[in-house]
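Worksheet for the structure shown next.
In the UniProt record's numbering, the protein residues as written are 1 to 332.
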């Protein structure tokens, strides 16, 4: 709220002199206030500024302003306006925080309309309520200012300084957000790397466990194979111990048998005519070719399965076994 320029001030010596009618008419046209209804208001301006002429502390000057204003213009019991008596930066911070605009209240005690405006307008309870509810009211006195422009320049300088401060603060916040974003990305990358490392370690553990199980199975199979081989070797030795001795080539009534084994190997063995065919089967079993895993065929055409063709308890003589025979050993 800026109190506009007004007619030249009337000196204190002429305070009781009536106001020139032309000036009064000009004021009425400019400020739209009916002075005829305000006979109790002193129309001659006070010449003293509401601000101290020299001050270093802005807040102290604003408190000085508020006290002087209340003493000069609240003489009829009306409440003083809700002036904000801290610096402009704090006023702007408050305005931003409560989401209200700042209303600049500029006073000039040399203005004729000052008394009327302060009493009739600023003393109106509805105006005070409006200002209190909707604005942050920042006062400033321009009585001793060189010009309104210089005053606005001072205020603008404070606003600009605050804006620059906000810009610097925004820059700080932006840099902080960037750092936080970098840290977030680094944390994400770390977590991804950690998850990858954990997955890699878990995979290595699984592979090692699979290898361990495979090695354990291989070892178990090897042990089982060795056990079976040992059992087979013992079985073969036991069978060999039950076999009759092989007759010499000069013994009468003998027969010769050639065994054609898998993988092209051969065995030769002589048997006595009085020995049973079971001796031949036991001999093959003692050589690692048991009847439950191999088949034995003679040289007849078509060849015949010895286990099916002959009764194993019969002797070679009873079975009319040829003096020379070939037996083909085949894996089942």
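Where a beta carbon is used, it is the ideal one built from N, C-alpha and C, also for glycine.
#1: Can you confirm whether the segment 58–71 touches the segment 79–98 when touching is taken to mean that 3 or more C-beta pairs between the two stretches lie within less than 8 Å?
#2: Hey, residue 287 and residue 267 are a contact pair by Cβ (cut 8 Å); roughly how many whole angstroms apart?
#3: Should residue 277 and residue 312 be called a contact, given that it needs their Cβ atoms to be closer than 9 Å?
#4: Measuring straight from C-alpha to C-alpha, what distance separates residue 96 and residue 181?
#5: Report yes or no: do three or more beta-carbon pairs, one from the segment 171–191 and one from the segment 120–139, lie closer than 8 Å?
#6: In three-state DSSP terms, what is residue 313?
#7: For residue 140 and residue 104, which I take to be in contact (beta-carbon distance under 8 Å), what is that distance rounded to the nearest angstrom?
#8: If I follow the unbroken beta strand (DSSP E) through residue 107, where does it start and stop?
#9: Any idea what DSSP makes of residue 329, helix, strand or coil?
#10: For residue 63, which of 107, 76, 87 and 73 has the nearest alpha-carbon?
#11: So, for residue 289: in the same chain, excluding its five sequence neighbours on each side, which residues have a beta-carbon less than 6 Å away from its beta-carbon?
#12: Return yes when the Cβ of residue 115 is within less than 9 Å of the Cβ of residue 142, no when it is not.
#13: Distance, Cα to Cα, residue 283 vs residue 307?
#14: Would you report the Cα separation of residue 190 and residue 215, rounded to the nearest angstrom?
#15: Can you give the Cα-Cα distance for residue 197 and residue 204, rounded to whole angstroms?
#16: For the ligand PLP, any of its heavy atoms closer than 8 Å to the Cβ of residue 247?
#17: Tell me which same chain residues have a C-beta within less than 8 Å of the C-beta of residue 260, skipping the five on either side of it?
#18: Where residue 342 and residue 273 are concerned, what is the direct C-alpha to C-alpha distance, given to the nearest angstrom?
#19: Based on the DSSP secondary-structure assignment, which residues constitute the bridge partners of residue 257?
#20: Are there 16 or more other CB atoms within 10 angstroms of the CB of residue 208, so buried, or fewer, so exposed?
#21: Since residue 295 is in the beta strand (DSSP E), which residue starts that stretch and which ends it?
#22: Which residues in the same chain have their Cβ closer than 7 Å to the Cβ of residue 49, if we skip the five residues on either side of it in sequence?
#23: Could you tell me the alpha carbon to alpha carbon distance between residue 318 and residue 302, rounded to whole angstroms?
#24: Take residue 232 as the anchor and find which of 270, 178, 263 and 293 has the nearest alpha-carbon.
#25: What does residue 305 pair with, by DSSP beta-bridge criteria?
#26: Do residue 296 and residue 281 have their CB atoms nearer than 9 Å?
Taking the geometry as given:
#1: yes
#2: Along the chain shown, read from residue 1 onward, the residue named residue 287 stands at position 287. Along the chain shown, read from residue 1 onward, the residue named residue 267 stands at position 267. Taking 8 Å as the upper bound for CB-CB distance, residue 287 and residue 267 are in contact here, some 6 Å apart.
#3: For this step, residue 277 is matched to residue 277 along the chain shown. For this step, residue 312 is matched to residue 312 along the chain shown. For residue 277 and residue 312, yes; Cβs fall inside 9 Å.
#4: Translated into positions along the chain shown, residue 96 becomes position 96. Translated into positions along the chain shown, residue 181 becomes position 181. Distance between the alpha carbons of residue 96 and residue 181: 27 Å.
#5: no
#6: Counting from one through the chain shown, the residue named residue 313 turns up at place 313. It is coil, neither helix nor strand.
#7: Taking the first residue of the chain shown as 1, we reach residue 140 at position 140. Taking the first residue of the chain shown as 1, we reach residue 104 at position 104. At roughly 6 Å, the Cβ-Cβ gap stays under 8 Å, so residue 140 and residue 104 are in contact.
#8: Indexing the chain shown from 1 puts residue 107 at position 107. From DSSP, the beta strand (DSSP E) with residue 107 extends over 102–107.
#9: On the chain shown, residue 329 is found 329 positions in, with the first residue counted as 1. Residue state, collapsed to three classes: strand.
#10: Taking the chain shown and counting its residues from 1, the one referred to as residue 63 is at position 63. Residue 87 is the option with its Cα nearest to residue 63.
#11: Sequence index remark: in the chain shown, residue 289 carries index 289 (1-based). Once the five neighbours on either side are set aside, the close Cβ partners of residue 289 are 329.
#12: Here residue 142 corresponds to residue number 142 of the chain shown, with the count starting at 1. Here residue 115 corresponds to residue number 115 of the chain shown, with the count starting at 1. No. Outside cutoff.
#13: Taking the chain shown and counting its residues from 1, one reaches residue 283 at position 283. Taking the chain shown and counting its residues from 1, one reaches residue 307 at position 307. Straight-line Cα distance between these residues: approximately 14 Å.
#14: Here residue 190 refers to the residue found at position 190 of the chain shown. Here residue 215 refers to the residue found at position 215 of the chain shown. Each residue's Cα considered, the two are about 36 Å apart.
#15: The count along the chain shown starts at 1 and reaches residue 197 at position 197. The count along the chain shown starts at 1 and reaches residue 204 at position 204. If you take the alpha carbons of residue 197 and residue 204, they lie about 10 Å apart.
#16: No copy of the ligand PLP appears in this structure; indeed no ligand is present at all.
#17: Stepping through the chain shown from its first residue, residue 260 is reached at position 260. Cβ within range, chain order: 266, 326, 327, 328 and 329.
#18: Coverage of the chain is limited to positions 1 through 332, which leaves residue 342 absent and any answer about it impossible.
#19: Counting from 1 along the chain shown, the entry for residue 257 is found at position 257. In the DSSP assignment, residue 257 is bridged to 269 and 325.
#20: By 1-based counting over the chain shown, the position of residue 208 is 208. It is exposed - the Cβ of residue 208 has fewer than 16 other Cβ atoms within 10 Å.
#21: In the chain shown, residue 295 corresponds to position 295, counting from 1. Where residue 295 is concerned, the enclosing beta strand (DSSP E) stretches over 294–297.
#22: Reading the chain shown from its first residue, position 49 is the one you call residue 49. Counting only Cβ-Cβ distances below 7 Å, and skipping sequence neighbours, we find 109, 141, 143 and 144.
#23: Locating residue 318 in the chain shown gives position 318, counting from the first residue. Locating residue 302 in the chain shown gives position 302, counting from the first residue. Between residue 318 and residue 302, the alpha-carbon positions lie close to 22 Å from each other.
#24: Working through the chain shown from its first residue, we reach residue 232 at position 232. Closest by alpha carbon: 293.
#25: The residue labelled residue 305 in the question sits at position 305 within the chain shown. Per DSSP, 297.
#26: Working through the chain shown from its first residue, we reach residue 296 at position 296. Working through the chain shown from its first residue, we reach residue 281 at position 281. Cβ atoms of residue 296 and residue 281: closer than 9 Å.
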